[in-house]
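Heads up: the sequence shown runs through residues 1 to 328, numbered per UniProt numbering. Structure record follows, encoded as structure tokens.
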Amino acid sequence: MKAPVRVAVTGAAGQIGYSLLFRIASGEMLGKDQPVILQLLEIANEKAQQALQGVMMELEDCAFPLLAGMIGTDDPNVAFKDADYALLVGARPRGPGMERADLLQENAKIFTVQGKALNDVASRNVRVLVVGNPANTNAYIAMKSAPDLNPNNFTAMLRLDHNRALSQLAAKTGKAVTDIEKLTVWGNHSPTMYADYRFATIDGQSVKDMINNHEWNRDVFLPTVGKRGAAIIAARGLSSAASAANAAIDHMHDWALGTNGQWVTMGIPSDGSYGIPKDVMFGFPVTCENGEYKIVQGLEIDEFSRERINVTLNELEEERAGVAHLLG
Ligand code: NAX
């Protein structure tokens with residue numbers, strides 16, 4: 001059996017946490033041979049801490065063979081101590097009457113503190129996934145607040161958008177999700193993201209040619225994927241939780257264990273590829289191998305795609321400008 005790794009999860013008593021922690025502890029994220037120590041962070045509020053204790057009791061009651069230890073805390077310096085993986089799920093939700101700018105500011109405060117704590121106490125190789133919204137900008141803030149860590153180890157979750165797009169394409173073509181390769185989602189985890197199936201194939205055949213309907217792409221597919229989060233809220237009265245937890249598992253699993261050459265989508269700091277300014281936390285097509293991701297290069301960006309990419313990039317640039325004063 002391997003030595004245990006430390007997995008920090010914030011917002012551990014929330015909805016996504018409740019779907020996520022049990023799957024991490026059962027080995028679905030890092031493999032059935034990888035013991036984990038869970039380091040769980042919740043806010044310093046009696047109700048939240050009590051709820052966290054309840055979740056930890058349930059984790060105990062599963063008697064997971066791979067769960068090698070567990071702590072619950074309200075202190076980021078404790079939660080992130082020597083963490084090998086950090087899933088930053090907890091964030092400030094949008095309250096009544098709260099403007100987008102206020103939401104950005106409130107979350108910027110949280111992710112500055114958490115980025116600093118990661119910088120101070122986490123493993124030098126910690127791999128960070130930000131789920132809490134606005135995920136890309138929160139990940140950017142955490143990265144900028146952790147100057148001693150490798151910026152490439154800060155990522156944002158676009159995988160839910162990727163998986164949503166996969167499912168829509170499987171339904172449209174009548175094929176299985178596992179048949180579809182080379183799909184990606186560019187940009188921000190927001191309705192502006194651009195799900196792009198121009199390169200996707202099924203048994204070597206072009207999905208674009210199979211569908212052969214630009215209007216469906218523009219008027220049905222993109223709005224369906226982009227507004228899926230809102231549709232779930234309308235139907236369930238609560239935001240996506242199990243599917244978000246599933247996407248977080250997929251993201252970390254593939255990053256740690258590799259994708260065997262398959263494309264997946266990760267929000268990562270741009271290296272300048274495809275004209276996206278350096279450091280912008282952007283959804284790109286990547287492949288993963290040996291614990292590293294690599295952007296798929298050489299894809300042609302046509303006029304429609306460039307327009308879409310610019311829209312989502314502009315939104316991210318605006319968010320970045322909105323928090324610049326907090327990053328010194
Ligand atoms: P919940 O409100 O159920 O849970 C969030 C938990 O985080 C709460 O228990 C809260 O006490 C805790 N929390 C808040 N601030 C914290 C802090 N500073 N440190 C530690 N814990 C903190 O929300 P949930 O449904 O679990 O969603 C969590 C986040 O994921 C939200 O920001 C949500 O918008 C975001 N999402 C992101 C998605 C993505 O694809 N990137 C999709 C799903 C989801 O909407």
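Positions of the beta carbon are idealized from the N, C-alpha and C atoms, including for glycine. All values derive from a computational prediction rather than experimental measurement.
Boundaries of the alpha helix (DSSP H) around T112: R100 to V121. For L59, the enclosing alpha helix (DSSP H) begins and ends at E46 to D61. Distances between the C-beta of L160 and the heavy atoms of the ligand NAX include at least one below 7 Å.
Ranking N138, T137 and F282 by CA distance to the CA of T184 puts F282 first. By the criterion of a C-beta distance shorter than 7 Å, R306 is surrounded by no residue of its chain, once the five residues flanking it on both sides are discounted. For T265, the Cβ stays outside the 7 Å cut-off from all heavy atoms of the ligand NAX. Within the segment 130-205, the complete beta strand (DSSP E) segments at least 3 residues long are 154-156, 184-186 and 194-196, listed from N- to C-terminus. When DSSP reads this structure, Y293 sits in a beta bridge with C288. Per DSSP, reduced to three states, the secondary structure at P4 is coil, with no helix or strand assignment.
If you draw a straight line from the Cα of N188 to the Cα of L158, it comes to about 8 Å.
Every unbroken stretch of the alpha helix (DSSP H) spanning 4 or more residues and falling wholly within the segment 236-264 is given here in chain order: 242-257. Inter-residue distance for S240 and A230 is about 9 Å (C-alpha atoms, whole angstroms).
Here M266 is near H251, since their CB atoms are less than 8 Å apart. Nearest in C-alpha terms to A63, of all of A44, R23 and E42, is R23.
Taking the CA atoms as reference points, R92 sits about 20 Å from L21. Per DSSP, the continuous beta strand (DSSP E) segment holding Y85 begins and ends at Y85 to L88.
Note that the C-beta distance between M56 and L40 is below 8 Å.
When secondary structure is reduced to three states using DSSP, R94 falls in the coil class, being assigned neither helix nor strand.
In this model, A247 and N133 are separated by some 14 Å (Cα to Cα). In the same chain as T173, and ignoring 5 residues on each side of it, the C-beta atoms closer than 6 Å to its own belong to M210, in chain order. Classified as buried, P76 has 16 or more neighbouring CB atoms from the shown chains inside 10 Å of its CB.
In this structure, DSSP gives A68 an extended state, which the three-state scheme calls strand. By the Cβ neighbour-count rule, I268 is buried, with 16 or more other Cβ atoms within 10 Å of its own. Per the coordinates, the alpha-carbon of E303 lies some 11 Å from the alpha-carbon of N310.
Taking non-hydrogen atoms of the ligand NAX into account, the C-beta of S167 is found less than 7 Å away from none of them.
Contact check for T137 against L326 fails: the beta carbons are separated by 8 Å or more.
Cα atoms of L87 and D219: separation of roughly 34 Å, rounded to the nearest angstrom. At a cut-off of 7 Å, the beta-carbon of I110 counts as near the ligand NAX: some heavy atom of the ligand is closer than that.
CA-to-CA, the gap between Q168 and T259 works out to about 21 Å. For M193, same chain residues with a beta-carbon under 8 Å away, outside a window of 5 residues either side, are L158, D161, V185, W186, G187, V225, G226, G283 and T312 in chain order.
Bridge pairing for I268: F282 [DSSP].
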